[in-house]
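Engineer: Chains as they are written, first to last, in our numbering: chain H, 1 to 280; chain W, 1 to 233. One structure coming up, written as structure tokens, with questions to follow.
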């Protein structure tokens, strides 16, 4: 028994020492705001520079939960988030329409791109219309990777297919059900076409044998909106802090941080609450 | 290409450990706090239950044992979903606000390893020499004395059960991700960070975190093994 006691004491001591060495004392009980957002936003690193000034100014802690757009919206509908930052305009409008969200604001935008192998079997390189490019891919039955995960990117892809009246199914259509990064890897292995957000592509670029074939179509515009959860539906949500965050992210300060943020040597997001020429 | 990742990861891990990268240290301490708390709680609940299942006869014992063995193959994501549906704001326990907190993760992790600990303790108790136990009982050992005898005779098996439970929680990602939300500086654990880094395409950083996780697990197991074997001297 003596040794067992020693054993327990030593394990506990080791843990305490490790915890002590590693503990970061930054977590102090404060006001808490739960922000549900998309993986692409968090993975871009933008939130790491955008959120700290807000936390300091309002002495609050912003807890970022990053999931797909579909999941973020359903978290908010359940009342498990205070505010969402997502990119799927139609779904956002339905969310507000149903009364779950209030005071939606445009925050920023970036764009989607169509990637594919350099050999370009469907011959879409340089096309300006995403819909026609998709049409060619399906006509030639060239392999196409879809995320199939109800994310904002997936919703956009499906809306392009339905826009040109094509049913996206068949041997050539591969649904991964996974995130952007994992899907890019699948497309790379299969040398398939894929719709991706620019930020994630830039992060993966070094490991991919895929090229940007179509870009610049207004259809590929990718706007992000911020929506606080309606306190009339979920009375526990931190609505006051959520509105403060809307105010911050659409303010001169917030918009400036967005416009100046670069990763992989490129600007990833363009502010849209305030026009660039009006940002001081 | 693959070798390159592994070499990069090894370098990265060593670098992260020696520079005491603040983000990594927070993640490591969160992981340790969570898995140790969960293991201790599951041990406190599970050990007596494991002993009771072995030592008492009751109807439906076989069925209960089969259920227990079945639960050993419970996928973490399924358990995560189940607990999620209870602690989400729309769930039965929604008003307690447990989702996306450490407590939420601990609930999930305890439920995850409870069957493991009960089943392994059951096996350990089962293996204790029946004759000795009966002799102790015939010599008039009280209930507490019987309990202590069992504990001390089955201690290796019980410690083994706890180590297995700890290993399962420290390495699981489904429950932590779903109930904790991978919140930076709060509920981000080593495993959810690995999942995220992989998503970001930072494979070698993810591998580096994996190496750190295994190193910590190694140290804990080494200490336990050292003291276990020390008892033979």
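Glycine included, each C-beta is placed from N, C-alpha and C at the ideal position.
Okay, do the region 166–186 of chain H and the region 197–212 of chain W touch, 3+ Cβ pairs below 8 angstroms being the bar?
Structural biologist: yes
Engineer: At 8 angstroms on the CB atoms, spell out the chain W contacts of residue 204 (chain H), in chain order.
Structural biologist: Neighbours of residue 204 (chain H) on chain W, chain order: 201.
Engineer: In the DSSP assignment, find the unbroken alpha helix (DSSP H) run with residue 81 (chain W) in it and report its ends.
Structural biologist: 76–87
Engineer: Would you mind stating whether residue 83 (chain W) and residue 46 (chain W) have Cβ atoms separated by less than 7 angstroms?
Structural biologist: Contact flag unset, no.
Engineer: Which runs of the alpha helix (DSSP H), 4 residues or longer, sit entirely within the region 130–154 of chain W?
Structural biologist: 130–138 and 143–153
Engineer: Taking beta-carbon pairs under 8 angstroms, can you tell me which members of the region 221–236 of chain H lie near chain W?
Structural biologist: 234 and 236
Engineer: Taking all protein chains shown into account, do 16 or more other C-beta atoms lie within 10 angstroms of the C-beta of residue 196 (chain H), making it buried, or fewer, making it exposed?
Structural biologist: Within 10 angstroms of the beta-carbon of residue 196 (chain H) lie 16 or more other beta-carbons, which makes it buried.
Engineer: If residue 63 (chain H) and residue 32 (chain H) are in contact, beta carbons under 8 angstroms, what's the gap, nearest whole angstrom?
Structural biologist: 6 angstroms
Engineer: Using Cβ-Cβ distances below 7 angstroms, what residues of the region 28–59 of chain H are close to chain W?
Structural biologist: Within the region 28–59 of chain H, the residues whose Cβ lies closer than 7 angstroms to any Cβ of chain W are, in chain order, 34, 39 and 43.
Engineer: For residue 27 (chain H), which three-state DSSP category applies?
Structural biologist: Reliability of the predicted coordinates at residue 27 (chain H) is poor, the pLDDT of 46 falling under 50, and the value obtained from them is presented with this limitation in mind. Three-state result, residue 27 (chain H): coil.
Engineer: Closest to residue 71 (chain W) by C-alpha separation, out of W:115, W:191 and W:51, would be which residue?
Structural biologist: Selected option, being the one with the closest Cα: W:115.
Engineer: For chain H, check one thing: does any of its Cβ atoms lie closer than 7 angstroms to the Cβ of residue 89 (chain W)?
Structural biologist: Flagged as an interface residue toward chain H: residue 89 (chain W), by a C-beta distance shorter than 7 angstroms.
Engineer: Can you give me the C-alpha to C-alpha distance between residue 3 (chain W) and residue 10 (chain W), rounded to a whole angstrom?
Structural biologist: 11 angstroms
Engineer: Closer than 8 angstroms, Cβ to any Cβ of chain H: which residues of the region 79–106 of chain W, in chain order?
Structural biologist: 88, 89, 90, 94, 95, 97, 99 and 100
Engineer: To the nearest angstrom, report how far apart residue 148 (chain H) and residue 253 (chain H) are at their CA atoms.
Structural biologist: 36 angstroms
Engineer: Please confirm if the region 45–62 of chain H is in contact with the region 206–224 of chain H, defined as three or more CB-CB distances below 8 angstroms between the two stretches.
Structural biologist: Taking a cut-off of 8 angstroms on C-beta distances, the region 45–62 of chain H does not touch the region 206–224 of chain H, as fewer than three cross pairs fall below it.
Engineer: In this structure, how does DSSP classify residue 197 (chain W) when only helix, strand and coil are distinguished?
Structural biologist: helix
Engineer: Note down, in chain order, every chain H residue with its Cβ under 7 angstroms from the Cβ of residue 184 (chain W).
Structural biologist: 64
Engineer: Compare the C-beta of residue 45 (chain W) with all C-beta atoms of chain H and state if any pair is closer than 7 angstroms.
Structural biologist: no
Engineer: Can you give the Cα-Cα distance for residue 124 (chain W) and residue 226 (chain W), rounded to whole angstroms?
Structural biologist: 20 angstroms
Engineer: Have a look at W:140, W:139 and W:215 and flag the residue whose alpha-carbon is nearest the alpha-carbon of residue 14 (chain W).
Structural biologist: W:215
Engineer: Per DSSP, residue 145 (chain H) is paired with what?
Structural biologist: In DSSP, residue 145 (chain H) forms a bridge with H:174 and H:194.
Engineer: What is the DSSP secondary structure of residue 93 (chain W), reduced to helix, strand or coil?
Structural biologist: coil
Engineer: Answer yes or no: do residue 146 (chain H) and residue 157 (chain H) have a C-beta to C-beta separation smaller than 7 angstroms?
Structural biologist: yes
Engineer: Does the CB of residue 167 (chain W) have a neighbour CB from chain H at under 7 angstroms?
Structural biologist: no
Engineer: Expressed to the nearest angstrom, what Euclidean distance is found between the alpha-carbon atoms of residue 226 (chain H) and residue 76 (chain H)?
Structural biologist: 12 angstroms
Engineer: Count the C-beta pairs between the region 96–106 of chain W and the region 18–38 of chain W that are closer than 8 angstroms, then say yes if the count reaches three, no if not.
Structural biologist: yes
Engineer: Closer than 7 angstroms, CB to CB, is residue 181 (chain H) near chain W or not?
Structural biologist: yes
Engineer: Measure the C-alpha to C-alpha separation of residue 271 (chain H) and residue 247 (chain H) and round it to an integer number of angstroms.
Structural biologist: 14 angstroms
Engineer: Per DSSP, what are the beta-bridge partners of residue 226 (chain H) in this structure?
Structural biologist: H:85 and H:105
Engineer: Would you verify that the beta carbon of residue 82 (chain H) is, or is not, closer than 7 angstroms to some beta carbon of chain W?
Structural biologist: no
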